[in-house]
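These notes are about the structure you will find just below.
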Amino acid sequence: MQAKLGRLGVGASIGVLSAAVALGVGEVVAAFLRPAAAPVIAVGNRFIVLTPESVKRWAIRSFGTNDKTVLLSGIYIVIAALAVAVGVLALRRLAYGLAGIAVFGGVGVYCALTANAHQGSDVVPTIFGTAAALAAMVALTRAAGPDPALDDLRRSKKAPAVPAPRFVANRRGFLTGSAAAATLAAVTGFGGRAAQHARFDVAQARANLTLPPPVEPVVPQPPIAAIANGPDLGKSATPWNTPNGTFYRIDTAIEPPQLDPKDWSLRIHGMVDHEITMSYSDLLARPLIERWITLSCVSNEIGGQLVGNARFLGARLADVLREAGVHDGADQLVMSSADGMSIGAPTAAVMDGRDSMIAVGMNGEPLPIKHGFPARIVVPGLYGYVSACKWVVDIEATTFAAKRAYWVQGGWAAQTDIKIASRIDTPHNGGTVRAGQPVAIAGVAWDQHVGIARVEVQVDNGEWLSARLAPVPSVDTWRQWVLPWTPPKVGSYALRVRAVDAAGTVQSAEHRDVFPSGATGLHTITVRAHDPQ
Ligand SMILES: Nc1nc2c(c(=O)[nH]1)N[C@H]1C(S)=C(S)[C@@H](COP(=O)(O)O)O[C@H]1N2
Ligand SMILES: [Mo]
194 MQAKLGRLGV
204 GASIGVLSAA
214 VALGVGEVVA
224 AFLRPAAAPV
234 IAVGNRFIVL
244 TPESVKRWAI
254 RSFGTNDKTV
264 LLSGIYIVIA
274 ALAVAVGVLA
284 LRRLAYGLAG
294 IAVFGGVGVY
304 CALTANAHQG
314 SDVVPTIFGT
324 AAALAAMVAL
334 TRAAGPDPAL
344 DDLRRSKKAP
354 AVPAPRFVAN
364 RRGFLTGSAA
374 AATLAAVTGF
384 GGRAAQHARF
394 DVAQARANLT
404 LPPPVEPVVP
414 QPPIAAIANG
424 PDLGKSATPW
434 NTPNGTFYRI
444 DTAIEPPQLD
454 PKDWSLRIHG
464 MVDHEITMSY
474 SDLLARPLIE
484 RWITLSCVSN
494 EIGGQLVGNA
504 RFLGARLADV
514 LREAGVHDGA
524 DQLVMSSADG
534 MSIGAPTAAV
544 MDGRDSMIAV
554 GMNGEPLPIK
564 HGFPARIVVP
574 GLYGYVSACK
584 WVVDIEATTF
594 AAKRAYWVQG
604 GWAAQTDIKI
614 ASRIDTPHNG
624 GTVRAGQPVA
634 IAGVAWDQHV
644 GIARVEVQVD
654 NGEWLSARLA
664 PVPSVDTWRQ
674 WVLPWTPPKV
684 GSYALRVRAV
694 DAAGTVQSAE
704 HRDVFPSGAT
714 GLHTITVRAH
724 DPQ
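Just so we're on the same page, this note's numbering is the position in the sequence shown counted from 1, plus 193.
Here it is, written out as structure tokens:
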């Protein structure tokens, strides 16, 4: 039993250490090429493309912005588990173990060659990593294996009394070899990552930038407290302006691409009279507009947090498209990002006079790297997945008939309007209030590019009560609302909200899933009113 456990432990160590050496060496080699070529990142990026849409939706729902961390952890766990198996096989017969590593390497190469926006050289780190793992496995297996002389003796049958070979986990050579492999993996892994950051991070380039001011300044917004005029909202209400640090994020890439403004350019081509290639300084030289715009995600559930309101600074996209001379028949603009994302927007909406922009700034700073630095598209009134291409480098004027963008290939609607939505942010669901004492029910409502005209709250099955609305600078943002309310007696209450837009459309109570064109239904919460004592 002891020998068996020992054997398993030795096999597991050999497998895991060999895999760790592969990943570490891969990170170092990627530092010479590009971070996206690191084996785990290439596998992760490929995995995201292979994952069925329903699983992606589940991941976004369950892990939100942590979905990438969860995915990477999952990949490490799967690699470790398979490595244990391969290591144990290697003890049975070295060739099996080596074949296992070769299969690993093959999967890595396949991923590197098929990930979104891959480059041919992306396979190099995986190849070096695989070679290093093969060498590590040979060395560790030799060091752990039975004394070859003893083995020969046993096989010769001349000495039947010689015991079966045992793996000597505490053999000096194996321990030294394992320590060396672990050190090599750690130094190359962490060192490689550090070198990648030093070489490719554009945080410094971003910090050194000063953006030109907009042609006219934006109107400052009064705080919601100004309209509450009753119970103190304190910090419980959702702020008008979502700070960059807490703005929701939807990314298909594991790590945001690092694009230096001095190397960035945007190409506009396809069904146009004149192709345009624009550098970052060309972009900044254009008149810049600054607008409050509420961006929301089609994957946002009723009552969800995948929505935010920010001050975007950018050049008018419609002007640029007009200069390019987009053909009448080009009903779709397919925008592509440096990380291989494609997003298709309806040309008519982009060019109908709304403040569509090639954005460079967000809330008074250059776009954060995670939100598309150095440039992204923002189109008021369209969900992010059909407009808000981050790290945008290419816009092709084409047709919906000719091209299906990334999410459309996954079954999401090629074209859809934002669904009118409203949310109760305070009190929170399951929270407590005091019977007989006034409390503010407050939240936000949005129907971008149409505008919110009314927000109503229903307590249990009572009448719909009109909330007070905060002023808004345009129809392109969410609207904060507040309703003072006094729970009449101790007990449990259901609070429900609905909005009415400027076109008179009442938010539908019919519950529809986010897939394929955005959720409908009413946000409903429950609160308990306690005795005021
Ligand atoms: N390059 C790229 N652009 C993208 C995405 C993406 O995954 N990659 N996600 C889109 C989606 S679905 C939304 S809702 C918005 C989110 O923008 P944010 O991450 O800045 O909030 O970006 C859009 N643009
Ligand atoms: Mo989205």
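Backbone N, C-alpha and C define an ideal beta-carbon position, used for all residues, glycine too.
Contact check, residue i vs residue j, beta carbons under 8 Å
i: Phe566; j: Arg392; result: no
i: Val214; j: Ala326; result: yes
i: Pro589; j: His462; result: Position check: residue 589 holds Glu in this sequence, whereas Pro was assumed. Yes.
i: Ala324; j: Asp618; result: no
i: Gly755; j: Gly546; result: In the structure as shown, the chain begins at 194 and stops at 726. Residue 755 is therefore absent and cannot be evaluated.
i: Val543; j: Ala568; result: no
i: Pro666; j: Val412; result: yes
i: Gly574; j: Asp512; result: no
i: Val632; j: Gln608; result: no
i: Tyr576; j: Gly711; result: yes
i: Ala660; j: Val643; result: no
i: Pro318; j: Ala223; result: yes
i: Thr625; j: Val720; result: yes
i: Gln641; j: Trp433; result: no
i: Asn309; j: Asp532; result: yes
i: Gly537; j: Pro709; result: no
i: Gly299; j: Val236; result: no
Counted within 10 angstroms of its Cβ, other Cβ atoms place residue i as buried (16 or more) or exposed
i: His716; result: buried
i: Ser701; result: exposed
i: Val380; result: exposed
i: Ala503; result: buried
i: Pro732; result: The shown model of the chain, from 194 to 726, leaves out residue 732, and the question about it has no answer.
i: Ala196; result: Only weak support exists for where Ala196 lies, its pLDDT of 48 falling under 50; the value from the coordinates is given anyway. Classification of Ala196: exposed, given that the 10 Å Cβ count is below 16.
i: Glu656; result: exposed
i: Pro725; result: exposed
i: Val277; result: buried
i: Ala342; result: Caution is warranted here: a pLDDT of 49 is assigned to Ala342, below 50, making its placement in the model unreliable, and no coordinate value can be reported.
i: Pro728; result: Only positions 194 to 726 of the chain appear in the structure, and residue 728 is not among them; the question remains open.
i: Arg285; result: exposed
i: Ile270; result: exposed
i: Asp466; result: exposed
i: Leu243; result: exposed
i: Thr470; result: exposed
i: Ser206; result: buried
i: Ser239; result: In the sequence as displayed, the identity of residue 239 is Arg instead of Ser. The residue in question, Arg239, is buried, as its Cβ has 16 or more Cβ neighbours within 10 Å.
i: Pro620; result: buried
i: Asn493; result: buried
i: His390; result: exposed
Check: residue i C-beta below 7 Å from any heavy atom of ligand 1
i: Lys249; result: no
i: Asp532; result: yes
i: Gly565; result: yes
i: Cys304; result: no
i: Ala581; result: yes
i: Trp605; result: no
i: Ile536; result: yes
i: Trp485; result: no
i: Phe256; result: no
i: Phe440; result: yes
i: Trp639; result: no
i: Trp671; result: no
i: Trp457; result: no
Distance cut-off 7 Å: residue i Cβ against heavy atoms of ligand 2
i: Gly577; result: yes
i: Ser710; result: no
i: Ser659; result: no
i: Cys490; result: yes
i: Ile443; result: yes
Per DSSP, the bridge partner or partners of residue i
i: Ala614; result: Trp639
i: Ala685; result: Before going further, note that residue 685 is Ser rather than Ala in the sequence given. DSSP, once it has assigned bridges, lists Arg721 as partnering Ser685.
i: Gln673; result: Val637
i: Gln651; result: Trp657 and Arg689
i: Asn502; result: Thr487
i: Gly554; result: Leu506 and Pro559
i: Gln525; result: Pro539 and Thr591
i: Asp694; result: Ile645
i: Thr713; result: Arg705
Proximity test, residue i beta-carbon vs ligand 4 heavy atom, cut-off 7 Å
i: Val500; result: Ligand 4 is not among the ligands present in this structure, which contains only ligand 1 and ligand 2.
For the 8 Å Cβ check, are there 3 or more pairs between the region 318-335 and the region 251-264?
no
On the three-pair Cβ rule with 8 Å, is the region 525-535 touching the region 552-561?
no
Are the region 283-300 and the region 200-212 touching by the rule of at least three beta carbon pairs closer than 8 Å?
yes
Whether or not the region 239-258 and the region 450-461 are in contact is what I'm after, with contact meaning three or more pairs of Cβ atoms, one per stretch, closer than 8 Å; do they touch?
no
Between the region 404-411 and the region 481-501, do three or more beta carbon pairs fall short of 8 Å?
yes
Three Cβ pairs or more, each shorter than 8 Å: is that satisfied between the region 591-598 and the region 684-691?
no
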